[in-house]
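Using this note's numbering, read the sequence shown as starting at 70 and increasing by one per residue.
Encoded as structure tokens, the structure appears first; notes follow it.
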Amino acid sequence: MALDEIIGHGRQLDILRQALARGRLHHAYLFVGPEGVGKRTLAIALAKAVHCAAGAADFCGRCVNCTRIADGNHPDVRIIEPLAGKKEISIQQVRDFERELNYRSFSGKRKVMIVDPAASMNLASQNALLKTLEEPPQDSLIILIAANAGGLLPTVRSRCLRIAFAPLARREVAQYLREKHSMSGDGVEFLAAMSMGSIGAALALDQDELVKKRRIWAGMVGALKGGDYQTALAAAEALAGKRDEALKFLAWAQSWYRDLLIYGVSGDGDALVNLDMLEQIAAQSAPAEIELCIDALGASSRAAAGIQRNLNRRMVLEKYLLGVVKGQS
Ligand SMILES: [Zn+2]
């Protein structure tokens with residue numbers, strides 16, 4: 070294992086690799102980006118690269134330092150997170166962590182503190198941490214991890230070098246599932262497509278359940294015939310109950326309309342996400358309906374964004390499904 074074996078995030082890795090090679094790591098980083106894309110993995114990789122016995126601004130994954138960091142028991146590397154059963158990182162945890170940072174490191178290398186998720190520090194904890202960020206102890210490396218920087222005090226943010234992470238590309242998630250989790254088959258592409266660029270999300274999805282759901286959803290979408298507003302409203306009501314469920318449906322709907330579009334344009338089945346539903350796709354897709362698929366694809370992604378922003382789910386879904394029905398009339 071080495072830095073260049075990390076999947077995705079090429080630009081972010083370059084920044085860190087160069088800083089390592091020049092011995093010019095910043096005292097504090099803020100890794101910000103969606104859940105499950107690998108921010109924590111990269112923070113731990115950075116800690117390994119700092120401490121690896123093989124040196125060379127990279128890590129081997131096998132030496133005693135790499136192994137201890139991976140096991141969470143290296144004396145110079147700490148991960149600060151809410152204690153079991155707690156939602157917040159307490160001010161006491163932050164104080165303990167600061168005291169430790171001020172001790173000399175065991176290895177003579179940097180002491181690394183990873184705070185994940187950083188937004189689980191309440192205001193008092195963040196203010197306590199601020200003092201350390203303003204005057205970082207010699208040879209300390211603090212990495213704050215956050216899904217978005219909004220939960221952090223501006224004064225905390227401004228003292229960290231921000232590295233932004235984007236969702237992974239679908240092929241990167243698929244590659245990860247194949248290489249690191251030995252998954253195979255058509256299901257991998259589908260999981261990757263449904264994961265919205267998050268490995269965490271891909272691993273949390275239940276493949277069997279998803280396949281079942283997908284058949285229901287495909288039936289639902291297939292039943293949305295031109296002008297049938299009643300069916301659209303009933304579907305919206307059925308989907309609106311659970312936020313998670315609604316988002317999964319909309320992620321799938323995007324893959325569905327994308328498939329119809331690709332098949333309508335190229336007649337090529339190989340590039341489809343819902344490969345095993347080729348028959349339905351072939352039946353529903355037509356070159357004349359390309360505009361409609363483009364509209365539905367855009368509308369699915371806007372609806373998902375609306376639900377992520379906590380707009381009223383039922384209203385978002387009604388607007389979306391009525392729009393699909395209207396497009397078909
Ligand atoms: Zn090593």
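For each residue, glycine too, the CB sits at the ideal point set by N, CA and C.
This one's a predicted model, so the numbers in the text were calculated from it and none came from an experiment.
Using 7 Å as the cut-off, classify the Cβ of residue i as near or not near the heavy atoms of ligand 2, replying yes or no.
| i | result |
| --- | --- |
| PHE175 | You won't find ligand 2 in this model; what it holds is ligand 1. |
Where residue i and residue j are concerned, what is the direct C-alpha to C-alpha distance, given to the nearest angstrom?
| i | j | result |
| --- | --- | --- |
| GLY141 | ALA368 | 44 Å |
| GLN353 | MET346 | 11 Å |
| ASP208 | LEU152 | 26 Å |
| HIS95 | ARG239 | 31 Å |
| ALA216 | PRO186 | 8 Å |
| ALA315 | GLU248 | 30 Å |
| CYS129 | CYS135 | 7 Å |
| VAL342 | ILE350 | 11 Å |
| SER324 | LEU246 | 19 Å |
| VAL257 | GLU241 | 11 Å |
| GLU157 | VAL101 | 19 Å |
| ALA307 | ILE138 | 46 Å |
| ALA271 | MET263 | 7 Å |
| TYR326 | GLY392 | 14 Å |
| ASN379 | LYS282 | 23 Å |
| ASP127 | ALA71 | 6 Å |
| ARG231 | LEU99 | 5 Å |
| ALA301 | LEU274 | 26 Å |
| LEU293 | ARG312 | 22 Å |
| ASP297 | MET384 | 17 Å |
| VAL225 | ASN191 | 12 Å |
| ALA116 | VAL184 | 13 Å |
| ALA193 | SER159 | 8 Å |
| PHE259 | PHE318 | 13 Å |
| ALA340 | LEU330 | 11 Å |
| CYS121 | ASP145 | 12 Å |
| ALA97 | ARG168 | 17 Å |
| ASP328 | GLN162 | 49 Å |
| LEU82 | ARG109 | 13 Å |
Since residue i is in the beta strand (DSSP E), which residue starts that stretch and which ends it?
| i | result |
| --- | --- |
| MET252 | First-last for MET252: undefined, no H or E at that position. |
| LEU213 | 209-215 |
| ARG382 | Element bounds for ARG382: not the beta strand (DSSP E) but the alpha helix (DSSP H), 382-397. |
| ALA233 | 230-233 |
Quick one: give me the first and last residue of the alpha helix (DSSP H) that residue i is part of.
| i | result |
| --- | --- |
| PHE318 | 312-335 |
| LEU99 | Counting along the chain, LEU99 falls outside any alpha helix (DSSP H), though it belongs to the beta strand (DSSP E) covering 97-101. |
| VAL225 | 223-227 |
| LEU94 | LEU94 -> no alpha helix (DSSP H), and no H or E assigned at all. |
| ALA304 | 298-309 |
| MET289 | 276-291 |
| LEU192 | 192-203 |
| LEU361 | 359-377 |
| ARG137 | 133-140 |
| GLU348 | 347-353 |
Would residue i pass as a contact of residue j if the rule is Cβ separation under 8 Å?
| i | j | result |
| --- | --- | --- |
| ILE149 | PHE166 | yes |
| ARG147 | ALA197 | no |
| GLU394 | GLY291 | In the sequence as presented, Glu is not what sits at residue 394; that position holds Val. Cβ atoms of VAL394 and GLY291: not closer than 8 Å. |
| ARG228 | ALA309 | no |
| HIS78 | LEU111 | yes |
| GLN195 | LEU170 | no |
| VAL181 | LEU210 | yes |
| ALA188 | GLY220 | yes |
| GLY333 | ILE363 | no |
| LEU390 | ALA305 | yes |
| ALA123 | CYS132 | yes |
| GLY338 | LEU361 | no |
| PRO236 | PRO103 | yes |
| ALA233 | ALA261 | no |
| ILE375 | SER267 | The amino acid at residue 375 is misidentified as Ile; the sequence shows Gly. The answer is no: Cβ separation not under 8 Å. |
| MET265 | ALA320 | yes |
| ILE84 | GLY107 | no |
| ALA373 | LEU386 | no |
| VAL119 | ARG173 | no |
Does residue i have its Cβ less than 8 Å from a Cβ in chain D?
| i | result |
| --- | --- |
| ARG247 | Any reference to chain D falls outside this structure, which holds one protein chain only. |
Using DSSP with H/G/I as helix, E/B as strand and the rest coil, what is residue i?
| i | result |
| --- | --- |
| SER264 | coil |
| TYR172 | coil |
| LEU180 | For the record, residue 180 in the displayed sequence is Lys; it is not Leu. Strand at LYS180. |
| ALA126 | coil |
| ILE148 | strand |
| ILE158 | strand |
| LEU111 | helix |
| GLY105 | coil |
| LEU341 | coil |
| ILE84 | helix |
| GLY295 | coil |
| HIS143 | coil |
Inter-stretch contact at 8 Å, needing at least 3 Cβ pairs: the segment 82-90 / the segment 192-205 = no
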